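*Asks:* Quick one: the structure is below, questions incoming.
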Amino acid sequence: MQIPVTRIELVQSGAIDVDLDSPYVYGVETASRVFTSTLGRMNTEVVGLLCLDSTHKVIGYSTVAMGSVDRVTPSVAQILRTALLSNASYIVVAHNHPSGVCEITEPDIALTKRIGGAAQLMDISLIDSLVVCPSGEFASIRESMGRD
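Here the sequence shown stands for residues 20 to 167, where the numbers follow this note's numbering.
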């Protein structure tokens, strides 16, 4: 009997140019620059994931879900799968609001709590979850929840 041998790997499929002064991300100000340049002008809702190593150096960016003009339903499992395959110690998640209304909704908060709880089980810290808009404006879900 032969048993298939499998391998799971994360493969780099390209690169994005982002105007950053440093390859390190410590907070939402720097992370928002990545997400506004990658998601900000999209005309459908999209969820992006920024993976960081233990020193907060960016090790990868991934689009983890694409939705419609007014909603996106990301898989927490897909977010964590990508973070784990990247060997991320920290993650930042963001999605865009193509409408330009940069307000945080209850579903945004609920999803952030699910992602944060699941990431914590895997020894990954969720730095924040952001909403970005075409204007370059962004909102921190963590801040809206009253967390530092």
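Virtual Cβ for every residue (Gly too), placed ideally from N, Cα, C. These numbers come from a predicted model, not from an experiment.
1. Less than 7 angstroms separating the beta-carbons of serine 105 and isoleucine 78?
2. Please go through the same chain and pick out, in chain order, the residues whose beta-carbon is closer than 8 angstroms to the beta-carbon of serine 51, but skip the five residues on each side of it.
3. Could you spell out the range, first to last residue, of the alpha helix (DSSP H) harbouring threonine 49?
4. Whole angstroms are fine: how far does the CA of arginine 26 sit from the CA of threonine 55?
5. Could you please give the first and the last residue of the uninterrupted alpha helix (DSSP H) stretch that includes valine 91?
6. Is it true that the CB of valine 65 sits closer than 7 angstroms to the CB of threonine 92?
*Replies:* According to the structure data:
1. Taking the sequence shown and counting its residues from 1, one reaches residue 105 at position 86. Taking the sequence shown and counting its residues from 1, one reaches residue 78 at position 59. In contact: serine 105 and isoleucine 78 (Cβ atoms closer than 7 angstroms).
2. Here the question's residue 51 lines up with position 32 in the sequence shown. Ala113, Leu149, Val151, Phe157, listed in sequence order.
3. In the sequence shown, counting from the first residue as 1, residue 49 sits at position 30. It spans 47–57 - the alpha helix (DSSP H) in which threonine 49 sits, taken as one unbroken run.
4. As a first step, residue 55 must be located in the sequence shown, where it is residue number 36. As a first step, residue 26 must be located in the sequence shown, where it is residue number 7. Cα-Cα distance, rounded: 34 angstroms.
5. Your numbering for residue 91 matches position 72 in the sequence shown. Element bounds for valine 91: n/a, residue is neither H nor E.
6. Along the sequence shown, one-based indexing puts residue 92 at 73. Along the sequence shown, one-based indexing puts residue 65 at 46. For threonine 92 and valine 65, no; Cβs fall outside 7 angstroms.
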